[in-house]
Amino acid sequence: MIKSIKKAFLTLALMAAFGTAAQASAETLINGAGATFPYPLYSKWFTEYAKVDKAVKFNYQSIGSGGGIKQISAQTVDFGASDKFLSDQELNAAPGKLIHIPTVMGAVVVTYNVPGVVSGLKLNSEDVANIYLGKITMWNDPRIADDNKGVNLPAKPIIVVHRSDGSGTTSIFTDYLNGMNREWAQKVGKGASVKWPVGLGGKGNEGVAGQVKTTPYSIGYVELAYAFENKLPYASLKNKAGVFVEPSIKSTSAAAAAAVKDMPADYRISLVNQPGKDAYPVVGFTWLLVYEHQKDAAKGKQMVEFLNWAMTKGQKMAAPMLYAPLPESVVKMVQKTIKTIK
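In terms of the UniProt record's numbering, the sequence shown has 165 at position 165, counting the first letter as 1, and numbering is strictly consecutive.
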């Protein structure tokens, strides 16, 4: 009898072991790398999608858009993520046809750590550019004070913080400055990496948020969710219509509304400095970068299923995490594009 019980337990143990091994072998690992801008949302998506399809596991490295572009171009990951769309040159250099899949929209905010000024700071675009050019160096500079009547701005030097890595957030932020300040356009320009005139570097949105949080009298730029997560205040910025606008889902969507009327088929479009009194001026799409022809057909099929989920169930998770969901017209376009992935 004891032998029979032992044999039964051994059989069950072997079955469990084979079951676990079979499950492990059936699990598909999809690797991705890139933007830190959408990482809080993507992390949520990957966790939730694992409940929908237990056979798929996502491994995403939040290393910055520049790193994501390099890795997908080298085909060392299954998808890249970027807040900067690829240039014609970058697309032509890739070993296959890369497709941009816009996922959500986000706001890049100017965050700050000024003791005594916990909220309500207003900045016009010229002043933001001049701070980053090193031409406005004190918090109580009259150019800042003029827009902040009644705010007790300290006579303290401004400590500028920027990204140290190749970054789509930087691409959006410098695109905004480039369009609003002639000197910035001539001396610095726009891109994922620029030669900063002044400031300290931080790696990733996480790094910049961390620097600002721990450095009194500092200023930096991060995606809205990072400022919120780190309990950092952010400025209202003067938009193209001359109105000071606070970053929000509503003002991000207002910026997109004007741009999507002219949405190109490849989704490579800038959302910064859009017209309209309600439009926040520093807004961008964030994209997943995938090859039209997948090397692994089974993995490609699972990637397509995930992308379709992201366009439906995933969009509903965006706003609670301070990202703006895609306009319905763009979702319909993207769903057609997803069907072209082989």
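Here a beta-carbon is modelled for each residue, glycine too, at the ideal position from N, C-alpha and C.
Remember, it's a predicted structure, so these values are computed and weren't measured experimentally.
Check, Outcome
"Length of the line joining the Cα atoms of residue 345 and K342", "Residue 345 lies beyond the stretch modelled for the chain, which goes from 1 to 342, so this question has no answer here."
"Counterpart residues of P216 in DSSP-defined beta bridges", "Partner(s): none; P216 has no beta bridge."
"Residue from E48, A227, N181, A145 whose Cα sits closest to the Cα of Y132", "N181"
"Residues that P102 bridges to, as DSSP identifies them", "W287"
"Validate contact between the segment 239 to 258 and the segment 195 to 207 using beta carbons, cut 8 Å, 3 pairs", "no"
"Distance CB(V128)-CB(V109) smaller than 8 Å", "no"
"Span separating the alpha-carbon of A24 from that of W184", "Unreliable placement is indicated for A24, whose pLDDT of 41 sits below 50; the coordinate value is still reported in the next sentence. When rounded, the distance between both Cα atoms is 53 Å."
"Backbone CA spacing between K250 and M263 [nearest angstrom]", "20 Å"
"Assigned exposure category for A235 - 16 Cβ within 10 Å defines buried", "buried"
"Where the beta strand (DSSP E) containing F58 begins and where it ends", "56 to 62"
"Runs of alpha helix (DSSP H) lying entirely within the segment 143 to 181, each at least 4 residues, in chain order", "168 to 180"
"Endpoints, beta strand (DSSP E) assigned at G202", "200 to 202"
"Assigned exposure category for V52 - 16 Cβ within 10 Å defines buried", "exposed"
"Residue burial classification, P38 (beta-carbon count within 10 angstroms, cutoff 16)", "buried"
"Unbroken beta strand (DSSP E) run spanning N308, endpoints", "No beta strand (DSSP E) holds N308; the alpha helix (DSSP H) holding it covers 297 to 311."
"Simplified DSSP state of E223, which is helix, strand or coil", "strand"
"Alpha-carbon to alpha-carbon, M311 and K299", "19 Å"
"Segment contact, 8 Å Cβ cut-off, at least three pairs: the segment 112 to 121 with the segment 149 to 167", "yes"
"Per-residue burial, K190 [other beta carbons within 10 Å of its own, 16 or more giving buried]", "buried"
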